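If you number the sequence shown the way the working numbering does, the last residue is 1026 and the count never jumps. Heads up, the beta-carbon is just placed ideally off N, CA and C, and yes, glycines get one too. Just so you know, these numbers come straight off a predicted model, no measurement behind them. Here the structure is laid out as structure tokens; the discussion comes afterwards.
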Amino acid sequence: MTPGRRSSTFTRLLRHGFTDPAAAERLLSGVELTGLRDDPVLLEALGATADPDLALHGLVRLLEAQPVPTARRELLDTLTASKPLRDRLLGVLGASAALADHLARHAGDWQALVTYEPRDLHPGVTEFERGLAEATDPVTLRVAYRRCLLSIAARDVCGTIDVAQTAAELADLATATLRAALGIARAAAPDDAALCRLAVIAMGKCGGHELNYVSDVDVIFVGEAVEGADEGKALRAATRLASHMMRVCSETTVEGSIWPVDANLRPEGRNGPLVRTLSSHLAYYQRWAKTWEFQALLKARPVAGDIELGEEYVAALEPLVWQAAERENFVADVQKMRRRVVENIPVAEVERELKLGPGGLRDVEFAVQLLQLVHGRADASLRSGTTLAALQALAAGGYVGRADAAQLEDAYRFLRSMEHRIQLYRLRRTHLVPEDEADQRRLGRSLGLRTDPVGELNREWKRHAAVVRRLHEKIFYRPLLDAVAQLAPVEARLSPEAARARLVALGYADPAAALRHLEALASGVSRKAAIQRTLLPVLLGWFADSADPDAGLLNFRKVSDALGRTPWYLRLLRDEGAAAENLARVLSAGRLAPDLLMRAPEAVALLGDGDGGGLQPRSRAHLEQEILAAVGRAEGGEQAVTAARGVRRRELFRIAAADIVGSYGTEAQPVEADQGALVDRVGGAVSDLTAATLAGTLRAVVREGWGDTLPTRFAVIGMGRFGGHELGYGSDADVLFVHEPQDGVDEREAAEAAGRVVAEMRRLLQIPSSDPPLLIDADLRPEGKSGPLVRTLKSYEAYYRRWSLVWESQALLRAEPVAGDEDLGRRFIELIDPLRYPEQGLSEEAVREIRRLKARMESERLPRGADPKLHTKIGPGGLSDVEWSVQLLQMRHGWQEAGLRTTRTRQALAAAREAGLVSAEDAAILDEAWVLATRVRGAVMLVRGRAGDTFPSDPRERAAVGRYLGYGPGHVGDMLDAYRRTARRARGVVEELFYGA
């Protein structure tokens, strides 16, 4: 051969898919393959395998392992003469290094692939039992098991059986193996075997007749005493037999292990007894079992031991399985279980996780099982433990659309085929797609992808995973629309009863009304109805994730009725990724945000990603600019303030929507981790909005009555939560009004003008309209309700010098100018600073007076019948406790600690901690309690649409508050316990810090 030129064999090997032709050429030239080096039939057969290099290497090892030359010659002759053997043997060697190792150790087992009788094409449990019959111990059982596995793998890689048949045969082989293992255990302990009846119930993929090549085999054991035997002794004997059977399969020997036998699906899991009587099982499932345990029972199937006892077990539990969908929070429990599985996947593996990751096999299985549990009680045709059979039955009954079912089945088959081939290579339990290119090449070729195995594999995998992600929840909701839309007459549909059952399972309290809303939204052939049919399956899922799905759907219908003819509305929901989910969250989270939206539905645009400004709160300067511009364009005072209130309504909706989305979390935006930041953002945004609204109203009133210049300088001072930047959605605006006559203006004229301004501002902000009123509360003024609404700066100075009480100084800790004349506001603050931060601090008498006032408030102001431990404002550990404790520190030490001179509670508390006035631990306890109480009050307002200081009594409203606070369905009790615990710890700190206990 000319130096530098490759041999023709080298080129042919490359053409046949070898990646290391030089090594392959050496192997073909070896003594083992004498006479076959250039055999085109052999090269063609090797090239047809998943990995020609691996197949050739395995073949050479098998030939080397033959004990005598005649055996080697027999293998070669059969290989060249019999195409079925050639395809089977080389197919296995090219797909599985582990089975190649087995053949090298057991050189005669290739004979298992020679026979090609019809009965060998689809063996069942009986045939596999025959194949394992000679096994008498764990080692011989493993050898016989792998010999049987060899025949399944050969039929699989040659395409004689599809992925579902492969999984069924693997389950049948597992059944035969469990029976053989139990036989070995019985033979080792005949006395135990004589005492008891023991049934082995297969669960999971084995029970569902859809096992992998390497998987835990999930089982549950049922034991009973034989007639006349003591039950306790019988159960101990059954436990020893079950334990021995598990060890026979699971323990590692010189021939490795078969697979782990996992009994953790039994009642109480690994903490419960391994074997129970049937009555004990029944008692557990009737009283203690969780939703997921009934879901697991869908696949229960007696496979070994006393089959009659196993069938009694299945028959006894079956009615309970089909009642599971009636359990409270059933769908939410199943979906939460699914989310928990995804959350527990290591971050580095999520993208490669074929089984548990998003768009993986478990998504299909969960979706199918959910539908089975909802509808299987009324339709026995759905009660299959096998995923694909159940999916086909769901499609046939109209519970899933046929097109969706077909796409889901294709995806499931492809993903299961990937999983099988990945596991077959090393016979290791894994669900991760390999990262190595050579492994991906072999995997792709094994699935028939030959042109570009790696590229095609990844494209097909991602395509099928995307289908599953898109459909796995949608298939639960879309048939509801098909049931009411009545478009395609040929396809089976959900019956009205089935549609109602599905809606009840989703948490809808009024399924008949829900179906009417769906019909109104989705019926017809218009483009609008077509887009709604696309959107609603996803929206229904988000509504179901709330505490009030009925309200979510009703509100969506109202918004759609109001905006359905506008061209941008449905396009926004369809095309902007976040808008639809944000809208679903907002519409189902309570009354306040939907009420604000219904008054001006075009505010839906704020929920998108685009030009609406999104959900970020606007700055005070931005708000003032917009409101003052709107006031400037208006023709009169009422029109001007109407414009200002319209901006306020829109911005309140923006703030509430951002709060809901941050608290619920969405696919695009996780739940806000820092709840304190969320509280600060809401309080600051509402306070800024209120200040801007007052500034606009003041401008409108002055312009209407006096033109450009008022006869007196005028300022609005924010008090209470307003001054502290802590306003809630339903808070009044606590203020003081101060004025100072312009130069040369008579004091009486100035006072009359100031009084008219205050009266007109209050009137205009409370005129009944579609916009929420803004109530101005000036009760913190000198002399309270008995004193004038507005005073001059000099009048304030005279009052505070002569008459001021300690509670008024305390109230002034929150004073901050919010609107009007800036210089006058600044001078008012200079006037009150010595009062609120007295030099040398408070006298002991003043401290005692503050404590007396606090104690009186606790005893007198609590509403009759209210539970003090759950009252967020004046209950123990509530807002009042924390705020009065912080304010006492401010009045005692503010004169020397500049950080304490703030109107904001959390900032003052942080400053007290920095100054060493309160320990870091105590400060954290108070801060947590204050944030939680504030969040509860905000949640109550969002849910009920009106303010409240305690948790709602209505169960659905209370659940909605819990959902806002991060508590899932069924965990309202945990929410209340957590509040009590947090408040109790805070009260302990207050007793010491405020009362000096």
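DSSP three-state assignment for residue i, whether helix, strand or coil
i            : result
residue 779  : helix
residue 189  : coil
residue 303  : coil
residue 893  : coil
residue 79   : coil
residue 1021 : helix
residue 39   : helix
residue 980  : coil
Neighbourhood of residue i by C-beta, 7 Å cutoff - its chain only, sequence neighbours within 5 removed
i           : result
residue 340 : 331
residue 802 : 794 and 795
residue 928 : 940, 943 and 944
residue 647 : 680
residue 121 : 128, 179, 182, 183 and 186
residue 31  : Annotation note: pLDDT 46 at residue 31 (below 50); position unreliable, no value reported.
residue 350 : 323, 326 and 327
residue 640 : Reliability of the predicted coordinates at residue 640 is poor, the pLDDT of 43 falling under 50, and the value obtained from them is presented with this limitation in mind. Nothing listed; no residue qualifies.
residue 835 : 875, 878 and 879
residue 466 : 483
residue 986 : 972 and 973
CB of residue i within 8 Å of CB of residue j, strictly
i           : j            : result
residue 611 : residue 583  : no
residue 936 : residue 842  : no
residue 313 : residue 346  : no
residue 570 : residue 743  : no
residue 649 : residue 721  : yes
residue 724 : residue 656  : yes
residue 334 : residue 228  : yes
residue 62  : residue 53   : no
residue 592 : residue 633  : yes
residue 266 : residue 225  : yes
residue 67  : residue 38   : yes
residue 422 : residue 413  : yes
residue 957 : residue 1011 : yes
residue 264 : residue 200  : no
residue 767 : residue 822  : yes
residue 235 : residue 221  : no
Range of the contiguous alpha helix (DSSP H) that encloses residue i
i           : result
residue 449 : 431–455
residue 567 : 556–573
residue 826 : 822–831
residue 500 : 482–500
Host beta strand (DSSP E) of residue i (start-end)
i           : result
residue 744 : 741–747
residue 765 : 762–770
residue 249 : 246–254
residue 527 : Run containing residue 527: none in the beta strand (DSSP E); it sits in the alpha helix (DSSP H), 525–534.
residue 334 : 330–334
Proximal residues to residue i (C-beta, below 6 Å), its chain only, five neighbours per side dropped
i           : result
residue 9   : Residue numbering for the chain in the displayed model covers 30 to 1026; residue 9 lies beyond these limits and cannot be assessed.
residue 131 : 175
residue 114 : 107, 142 and 143
residue 870 : 921
residue 515 : Bear in mind that a pLDDT of 49 at residue 515, under 50, signals an unreliable position, so the model cannot answer this.
residue 116 : 187
residue 623 : 584 and 616
residue 46  : 76 and 81
residue 23  : One cannot answer for residue 23 here, as it falls past the ends of the chain, which runs 30 to 1026.
residue 536 : 573 and 578
residue 252 : 225, 227, 264, 267 and 304
residue 210 : 274, 277 and 278
Any chain B beta carbon closer than 8 Å to residue i
i           : result
residue 275 : Given the protein chain composition of this structure (a single chain), no chain B is represented.
Sequence-distant residues of the same chain with beta carbon closer than 8 Å to residue i, five excluded per side
i           : result
residue 800 : 628, 671, 674, 675, 677 and 678
Legend entry - Cβ contact check for the segment 347–362 and the segment 993–1001: 3 or more pairs under 8 Å: yes
Inset, instruction - For the segment 852–868 and the segment 748–762, state whether three or more C-beta atom pairs, one from each stretch, are separated by less than 8 Å. - result: no
Inset, instruction - Spell out a yes or no on whether the segment 542–559 and the segment 963–970 are touching, meaning 3 or more CB-CB pairs, one atom from each, closer than 8 Å. - result: no
Legend entry - Contact the segment 491–498 vs the segment 434–444: 3+ CB pairs below 8 Å: yes
Inset, instruction - Would you check if the segment 762–777 and the segment 726–744 touch, i.e. whether three or more CB-CB distances between them fall below 8 Å? - result: yes
Inset, instruction - Report yes or no: do three or more beta-carbon pairs, one from the segment 705–718 and one from the segment 1014–1023, lie closer than 8 Å? - result: no
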